[in-house]
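*Asks:* In our numbering, the protein residues as written are 6 to 341.
Glycine included, each C-beta is placed from N, C-alpha and C at the ideal position.
Predicted, not measured: the structure shown is a model, and the values here were computed from it.
Mind having a look at this structure? Questions to follow.
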C-alpha cells in the first residue's frame, strides 16, 4: 500500500470517528425531555406518547432516510410488537421487559420474512407491498377479534418493572422514564448503525445502488439486515406504546399509523435521526393544539398539519431540522 493510500484511509477513518463522536449539542433534546417531565406534569401522558413515537420514527428513518426504502406499512412491525406484549400480558405473562423483548423478536421475524419478498422489488412495487403488509395484518387483527379484541381492544395489566417500579396511569412516573430509557437505548443502537461502515454502505445504496453492486457490496443482504433492525426497534416502540397505556386496539395496525409516522419523519427531516425528535413533537403538538382550539369534528388538525407539511417541503426540503443546518455547521467548525 502506498503512502498516499495510507493517508487517504487514515483521513477517512478519522472522519468516521469524528462523525461518531458525541457532541455537547446532542444533549439538548435529552435535557429538554428531562425538563418536560418536571415542568409539565399534567402532560406526561402526551409526553410519554411523543417519546415512543420518536423511537418509532427513528426505526423508520433507518430504512427511509438511510437505505432509501420508502415504506407505507411500517405500522406492521409496530403493531406486531404491540400485540405480542399485550397478548402475553393478557394471558398472564405480565413481566414487561421479557414481553418487550419478545415483541422485538416477533417484529424482527416478520421483518426478516417479509423482507425476502419486499426488498426484491423497487420503487412503486416496493411501496405497494409495504402498504399491503400493513393492510393484511390489520384485516387479520379485525377478523380475529376473539383474540385481538377487535375495535374494542384488550385491557391488561403489567407487573412492576424489575419488581420495583409499577406502571402508573395517573402520574405516569414509571411510564415516562420507561419510555425515555428505551428511547435512549434505541437511539444509541440506531446511531451506532448509521455511523458504522455498514451505515455508510446503506447511504451508498440509497444514492447509487448500481455502483454499490459494481464494487461488490452485498446490497440485498445489507438491505435485509437494516430492515430487520428497523422492524425490531419498531416492535420495541409498539410494545412500550401499549404497556404504558395498559390497553390495545387494532388501531396499531391502521394505515393512518404508518402514514402519520412517515409525515412526522418528513417534517423533521429524513436521514438525520434527530429529525425524528422535531417532526414527532411538532406534529403531535399541532394535532393536540388544533383539537383543543377547533374541536375534533371535523378533524381540522389534518388540514393544519397538511399545510405545515406543504410549507416544509417547499421551503425546508431537508425538514425542519434542516433550518438549523447553518448553525449546526458553524458549531461543528468551531468544535475540534
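(1) Going by beta carbon distance, what residues of the same chain come within less than 8 Å of residue 206, once the five residues before and after it are set aside?
(2) Taking Cβ to Cβ, would you say residue 31 is nearer than 8 Å to residue 99?
(3) Distance check for residue 90 and residue 18, CA to CA, integer angstroms please.
(4) Distance, Cα to Cα, residue 77 vs residue 111?
(5) To the nearest angstrom, how far is it from the Cα of residue 167 to the Cα of residue 305?
(6) Less than 8 Å separating the beta-carbons of residue 60 and residue 204?
(7) How close, in whole Å, do the beta carbons of residue 183 and residue 249 come, if the pair is a contact with beta carbons under 8 Å?
(8) Considering only C-alpha positions, which residue in the set 106, 258 and 33 is nearest to residue 137?
(9) Apart from the five residues just before and just after residue 173, which ones in its own chain have a Cβ nearer than 8 Å to its Cβ?
(10) Can you name the start and end residues of the alpha helix (DSSP H) that residue 202 belongs to?
(11) Just the Cα atoms here: how many angstroms apart are residue 71 and residue 124?
(12) Per DSSP, residue 170 forms a beta bridge with which residues?
(13) Who does residue 252 pair with in a DSSP beta bridge?
(14) Identify whether residue 79 lies in helix, strand or coil by the three-state DSSP scheme.
(15) Using a Cβ-Cβ cutoff of less than 6 Å, which residues in the same chain neighbour residue 53 once the five nearest sequence positions on both sides are dropped?
(16) Starting from residue 54, follow the alpha helix (DSSP H) in both directions and report where the run begins and ends.
(17) Would you say residue 254 and residue 139 are within 8 Å of each other, going by their C-beta atoms?
(18) Cα-Cα, which of 269, 299 and 298 is closest to residue 287?
(19) Closer than 8 Å is the cut-off here; do at least three beta carbon pairs connect the segment 293-309 with the segment 260-278?
(20) Which class does residue 271 belong to by DSSP, given the choice of helix, strand or coil?
(21) When we look at the beta-carbon of residue 63 and count the other beta-carbons within 10 Å, is it buried (16 or more) or exposed?
(22) Which of the three DSSP states, helix, strand or coil, is assigned to residue 330?
(23) Does the segment 79-88 come within contact of the segment 273-282, defined as at least 3 CB pairs closer than 8 Å?
(24) Kindly indicate which three-state DSSP category residue 99 falls into: helix, strand or coil?
(25) Within the same chain, show all residues whose beta-carbon is closer than 7 Å to that of residue 234, passing over the 5 residues directly before and after it, in chain order.
(26) Report buried or exposed for residue 145, applying the criterion of at least 16 other Cβ atoms within 10 angstroms of its Cβ.
(27) May I ask you to report which of helix, strand or coil DSSP gives residue 322?
(28) When you compare each of 200, 95 and 315 to residue 151 by their alpha carbons, which one comes out closest?
(29) Go ahead and label residue 310 buried or exposed: buried means 16 or more other beta carbons lie within 10 angstroms of its beta carbon, across all protein chains shown.
(30) Can you give the Cα-Cα distance for residue 325 and residue 302, rounded to whole angstroms?
(31) If distances are taken between C-alpha atoms only, which option among 319, 239 and 225 comes closest to residue 105?
(32) With 16 as the cutoff for other CB atoms within 10 Å, does residue 142 come out buried or exposed?
(33) From residue 215 to residue 196, what distance separates their C-alpha atoms?
(34) Could you tell me the alpha carbon to alpha carbon distance between residue 116 and residue 122, rounded to whole angstroms?
*Replies:* This is what the structure holds:
(1) Locating residue 206 in the chain shown gives position 201, where the first residue counts as 1. If we look at residue 206 and ignore the five residues flanking it on each side, its Cβ neighbours are 217, 222 and 227.
(2) Numbered from its first residue, the chain shown carries residue 31 at position 26. Numbered from its first residue, the chain shown carries residue 99 at position 94. Against a cut-off of 8 Å, the Cβ pair of residue 99 and residue 31 comes out as no contact.
(3) Translated into the one-based positions of the chain shown, residue 18 becomes position 13. Translated into the one-based positions of the chain shown, residue 90 becomes position 85. For residue 18, the pLDDT reaches just 48, beneath the cut-off of 50, and the residue's location in the model is therefore unreliable, although a value from the coordinates is still provided. Between the C-alpha atoms of residue 18 and residue 90 there is a straight-line separation of about 41 Å.
(4) Stepping through the chain shown from its first residue, residue 77 is reached at position 72. Stepping through the chain shown from its first residue, residue 111 is reached at position 106. Their Cα atoms are separated by approximately 20 Å.
(5) Mapped onto the chain shown, residue 167 falls at position 162. Mapped onto the chain shown, residue 305 falls at position 300. Rounded to whole angstroms, residue 167 to residue 305 spans 43 Å at the Cα level.
(6) Taking the first residue of the chain shown as position 1, residue 60 is located at position 55. Taking the first residue of the chain shown as position 1, residue 204 is located at position 199. Taking 8 Å as the Cβ cut-off, residue 60 and residue 204 do not qualify as a contacting pair.
(7) Translated into the one-based positions of the chain shown, residue 183 becomes position 178. Translated into the one-based positions of the chain shown, residue 249 becomes position 244. Rounded, the Cβ-Cβ distance is 6 Å, consistent with contact.
(8) The sequence position of residue 137 within the chain shown is 132, counting from 1. Of the listed residues, the one whose Cα sits closest to residue 137 is 258.
(9) If you number the chain shown from 1, residue 173 lands on position 168. Only 179 and 180 meet the Cβ criterion.
(10) Counting from 1 along the chain shown, the entry for residue 202 is found at position 197. Note, residue 202: alpha helix (DSSP H), 202-212.
(11) The residue labelled residue 71 in the question sits at position 66 within the chain shown. The residue labelled residue 124 in the question sits at position 119 within the chain shown. One C-alpha to the other measures close to 15 Å.
(12) For the purposes of this step, residue 170 is taken as residue 165 along the chain shown, with counting starting at 1. Answer is 166.
(13) Numbered from 1 along the chain shown, position 247 holds the residue referred to as residue 252. Paired residue(s): 160.
(14) By one-based count along the chain shown, residue 79 stands at place 74. Residue 79 falls in the coil class under three-state DSSP.
(15) Start at 1 with the first residue of the chain shown, and residue 53 comes out as number 48. The residues are 177, 180, 181, 184 and 249.
(16) The count along the chain shown starts at 1 and reaches residue 54 at position 49. Element bounds for residue 54: 49-66.
(17) The count along the chain shown starts at 1 and reaches residue 254 at position 249. The count along the chain shown starts at 1 and reaches residue 139 at position 134. No. Outside cutoff.
(18) Sequence index remark: in the chain shown, residue 287 carries index 282 (1-based). Taking only the C-alpha atoms, the option nearest residue 287 is 269.
(19) Cβ pair count under 8 Å is below three, so no.
(20) Position 266 of the chain shown, counted from the start, is the residue given in the question as residue 271. In the structure shown, residue 271 sits in a helix (DSSP, three-state: H, G or I).
(21) The residue given as residue 63 occupies position 58 in the chain shown. Around the beta carbon of residue 63, a 10 Å sphere encloses 16 or more other beta carbons of the protein chains shown; the residue is thus reported as buried.
(22) Numbered from 1 along the chain shown, position 325 holds the residue referred to as residue 330. DSSP places residue 330 in helix when its eight states are reduced to three.
(23) No: the two stretches stay apart, fewer than three of their Cβ pairs being nearer than 8 Å.
(24) Residue 99 sits at position 94 when you count from the first residue of the chain shown. Here residue 99 sits in coil by DSSP.
(25) Indexing the chain shown from 1 puts residue 234 at position 229. So the qualifying residues of the chain are 67 and 198.
(26) The residue you call residue 145 lines up with position 140 of the chain shown. Answer is exposed; the Cβ neighbour count stays below 16.
(27) Position 317 of the chain shown holds residue 322. Note: residue 322 maps to coil in three-state DSSP.
(28) Against the chain shown, residue 151 aligns to sequence position 146. Of the residues 200, 95 and 315, the one whose Cα lies closest to the Cα of residue 151 is 95.
(29) On the chain shown, residue 310 is found 305 positions in, with the first residue counted as 1. The Cβ neighbour count for residue 310, taken over all protein chains shown within 10 Å, is at least 16; the residue is labelled buried.
(30) Taking the chain shown and counting its residues from 1, the one referred to as residue 325 is at position 320. Taking the chain shown and counting its residues from 1, the one referred to as residue 302 is at position 297. Note on geometry: alpha-carbon atoms of residue 325 and residue 302 lie some 28 Å from one another.
(31) Within the chain shown, residue 105 is the residue found at index 100, counting from 1. Comparing Cα positions, the closest option is 239.
(32) Residue 142 sits at position 137 when you count from the first residue of the chain shown. Per the 10 Å Cβ criterion, buried.
(33) Within the chain shown, residue 215 is the residue found at index 210, counting from 1. Within the chain shown, residue 196 is the residue found at index 191, counting from 1. Those two C-alpha atoms are separated by around 26 Å.
(34) In the chain shown, the residue the question calls residue 116 occupies position 111. In the chain shown, the residue the question calls residue 122 occupies position 117. Each residue's Cα considered, the two are about 10 Å apart.
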